[in-house]
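Undergrad: If you scroll down you'll find the structure; I have some questions about it.
In my numbering, the protein residues as written are 491 to 713.
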């Protein structure tokens, strides 16, 4: 996170930090070397030298700890920070140091994309993926969990049927919208037939009975 310099946390001598990094980004990416680089960078800056550390065969934690002590810094590599908004010191010391940060060439203006209708996969009948193919927005497993958690059943049904691979359903939905009618109930998605074909390729003889439901869940209040 980068805020205006007057709002950024600062050291006891008033030196503000340039960037605030979330510590959760270390555990999820398993980049513990980032933390060690911060500590060694602080020691090297204080002692006035440039540390060049090869990958996998560089200095150990004990070496970095020794450099911190030689620089007159806390062995933990953590310093007291002060809130840039209130001027009060934070309760716990914070890991502060110098680290190389390179800007990735991932910009919103290159990635923004939208689609109403477009090409579909011949196998799954689902929208293609990616901006280059005029694809749709991927709605993955965790996105489904999010809608389930909110109880957004109608939105979830729409995402998994007429907006995905219910070929007959999406044509019928378009017709219903044009005529101002209620959207009909979805049909079996094409991905179900793909699943059956894959099971049959494994030597499994699959048969099923499909009975269209007459239940209408709209307006129910009994959960």
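By construction, the Cβ of each residue, glycine as well, lies at the ideal position given by its N, Cα and C atoms. From a predicted model like this one, the values you see are computed outputs, not experimental measurements.
1. Quick one: what does DSSP say residue 515 is sitting in, helix, strand or coil?
2. Within this structure, are the beta carbons of residue 620 and residue 498 separated by less than 8 angstroms?
3. What is the DSSP secondary structure of residue 659, counted as helix, strand or coil?
4. Using the rule of at least 16 other Cβ atoms within 10 Å of the residue's Cβ for burial, across every protein chain shown, is residue 660 buried or exposed?
5. For a quick check, are the C-beta atoms of residue 626 and residue 639 less than 8 angstroms apart?
6. Just the C-alpha distance for residue 503 and residue 554, rounded to the nearest angstrom, thanks.
7. Taking residue 508 as part of the alpha helix (DSSP H), name the residues at either end of that continuous run.
8. Of all the options 500, 667, 526, 578, which has the alpha carbon lying nearest to the alpha carbon of residue 545?
9. Leaving out the 5 sequence neighbours to the left and right, which residues in its chain are closer than 6 angstroms to residue 529 when beta-carbon positions are compared?
10. For residue 564, count the other beta carbons within 10 Å of its own beta carbon; 16 or more makes it buried, fewer makes it exposed. Which is it?
11. Residue 689 to residue 629, Cα distance in whole Å?
12. Which parts of the segment 609-693 are runs of the alpha helix (DSSP H), unbroken and 4 residues or longer, counting only runs that do not cross its ends?
13. How far does the alpha helix (DSSP H) with residue 552 in it extend, from its first residue to its last?
14. Verify whether the separation of the beta carbon atoms of residue 501 and residue 558 is less than 8 angstroms.
15. Can you tell which of 617, 592, 604 has the C-alpha that lies nearest to the C-alpha of residue 650?
16. Just the Cα atoms here: how many angstroms apart are residue 611 and residue 683?
TA: Based on what the coordinates show:
1. The answer is helix: DSSP assigns residue 515 an H, G or I state.
2. The answer is no: Cβ separation not under 8 angstroms.
3. Note: residue 659 maps to helix in three-state DSSP.
4. Residue 660 is buried by the Cβ-count criterion.
5. Result no, Cβ atoms of residue 626 and residue 639 do not sit closer than 8 angstroms.
6. Each residue's alpha carbon lies about 24 angstroms from the other.
7. Following the DSSP letters along the chain, one finds residue 508 in no alpha helix (DSSP H), marked with neither H nor E.
8. Residue 526 is the option with its Cα nearest to residue 545.
9. Excluding five sequence positions before and after residue 529, the CB atoms of its chain that fall closer than 6 angstroms to its own CB belong to 554, 567, 587, given in chain order.
10. It is exposed - the Cβ of residue 564 has fewer than 16 other Cβ atoms within 10 Å.
11. If you take the alpha carbons of residue 689 and residue 629, they lie about 24 angstroms apart.
12. You should have 631-640, 643-650, 657-669, 680-691.
13. Segment 551-560, the alpha helix (DSSP H) holding residue 552.
14. Not in contact: residue 501 and residue 558 (Cβ atoms no closer than 8 angstroms).
15. Nearest option by C-alpha distance: 617.
16. The straight-line gap separating the alpha-carbon atoms of residue 611 and residue 683 is approximately 14 angstroms.
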